[in-house]
Amino acid sequence: MKNELLAFGIGGTLVAALCCFTPVLPIVLTALGLTSLIGVLYNDFVLLPMLAIFILITGYALWRRQKQ
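Here you go:
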């Protein structure tokens, strides 16, 4: 369980950071034909809290791993 939580946190952090700081999200949404979602998802009100949540999950998983 602890390794899965750590992998989930690191993976989510990497994806959120890529979408937040590079134009990966608009390119992927355009390739999938979902350009109407760019205005909603490519927004700092969505991406930055998502990045913060995944960083907290990663920190929690590391804390649990160190504690045990």
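Numbering (the numbering used here), first residue to last: 475 to 542. Think of the CB as a built atom: it goes at the ideal place given N, C-alpha and C, for glycine as much as any other residue. Treat the numbers as computed from the prediction; the structure is a model and nothing was measured.
Supposed contact pair residue j and residue i - C-beta distance, whole angstroms, cut 8 Å
i	j	result
F528	G486	4 Å
F482	I531	7 Å
Residue i vs residue j beta-carbon contact at 9 Å
i	j	result
I512	L499	yes
L506	L515	no
L479	A526	no
Spatial neighbours of residue i in its chain, beta-carbon cut-off 8 Å, leaving aside the 5 residues before and after
i	result
A491	L525
Cutoff 9 Å: residue i Cβ touching any chain D Cβ
i	result
T509	The question asks about chain D, but that chain is absent: this structure has only one protein chain.
Neighbourhood of residue i by C-beta, 7 Å cutoff - its chain only, sequence neighbours within 5 removed
i	result
G533	none
T509	L503
#### Entry: Runs of alpha helix (DSSP H) wholly within the stretch 475 to 528 (minimum 4 residues, chain order)
The stretch 475 to 528 contains these whole alpha helix (DSSP H) runs: 476 to 495, 498 to 506 and 512 to 515.
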